[in-house]
Each structure stands twice: as structure tokens, then as C-alpha cells.
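>
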Amino acid sequence: MNGGDDDEAPSGVQSKAQAGSAVVDFILVGALLTVLFLIIIQLTLVLHVHNTVVDAAASGARYGTLGDRNAADAKDRTEELITGALNADYARAVTVTEEVYMGVRTLKVTVQTPLPVLGLIGPGSTMEVSGHAALQP
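First residue of the sequence shown? That's 13 in our numbering, and the numbers climb one at a time after it.
1) Of all the beta strand (DSSP E) runs that stay within the bounds of the segment 73-133, which reach a length of 3 or more residues?
2) Return the first residue and the last residue of the beta strand (DSSP E) that G143 is part of.
3) Alpha carbons only, please: which of L98, L119, V47, Y113 is nearest the one belonging to T107?
4) Pair every Cβ in the segment 87-98 with every Cβ in the segment 32-45, then say whether three or more of these pairs are closer than 8 Å.
5) Going by beta-carbon coordinates alone, are P128 and L50 separated by less than 8 Å?
6) Of the residues A86, P126, A146, which one's Cα is nearest the Cα of M114?
7) If we ignore side chains and look at the alpha-carbon of each, how far apart do L48 and G131 end up?
8) Does DSSP classify G32 as helix, strand or coil?
9) How close, in whole Å, do the beta carbons of P126 and D101 come, if the pair is a contact with beta carbons under 8 Å?
10) Buried or exposed, going by whether 16 or more other CB atoms sit within 10 Å of the CB of T77?
11) Leaving out the 5 sequence neighbours to the left and right, which residues in its chain are closer than 6 Å to V116 when beta-carbon positions are compared?
12) Kindly list the residues whose CB is nearer than 6 Å to the CB of E140, restricted to its own chain and excluding five residues on each side of it in sequence; keep chain order.
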């Protein structure tokens, strides 16, 4: 109605070509936001698993360096912490080694865990983390 355009509908009235497009827009945007939300939740879960396993490896290493403990105790403690926080599947590949780091004997606890891809399900031994602690002289 400006300048003689007869194709435009008056304000507040939808043309036949746009009828129902709001429903389609709502569904498409809703689906996109749902997928985005699920991706953010999954990334948060991956970060949670990583931080939990790193903490368990470091705690196990510190526990194994106490005066009355040994490497087997460090492994058991690490497996116990991971199993209690996550799942026994995440504590299957725990190794403990002694190594020298910058001239200091240390106990190294290494954990290989699945990377959670869909919920807590994922390919095995794809994420490797380790924790260190200085051995008592």
C-alpha cells in the first residue's frame, strides 16, 4: 500500500505464502537449540570425567608415597576412587611406575579411560591421564 504495490498485504494480515511458516520456524529453531543443549551437556560430562580421573590418579599417587604404603596401594586407591565416582569400566587400565623427575624419585599413576561420546558410553582407552607424587626418601 505504499507507492502502489498491490502485492503487499495490509499490516497484521498474513499472505497465503507465509501461512504456517511460524510453526516450521519454531520446530527448526527448537530442534537446533535442543541439539546445541545436548552437545553442551556432553562436553560438560567429558570434562567431569577427565577431572575426576585426574584427581583420582593424583590422589592415588600421593597415597602410594606415604611411609607405610607402596605402589600396589596406590593402584588400589586409584581404582577405588574412580569406581566410586564414575564406574568400574573407567578403572580397568591403571598402571603405577616409579620414575625420576628432575632428580627426584616419583611415583607415577597412569589411567587410560574411555572417552565418553554418548552419555558415559565411548571407545575404550582413548583418554590417558597421570598423576605424580614424590617418594619419601
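Glycine included, each C-beta is placed from N, C-alpha and C at the ideal position.
From the atom records:
1) 105-113, 116-125
2) 139-146
3) L119
4) no
5) no
6) A146
7) 15 Å
8) coil
9) 7 Å
10) buried
11) A146
12) Q124
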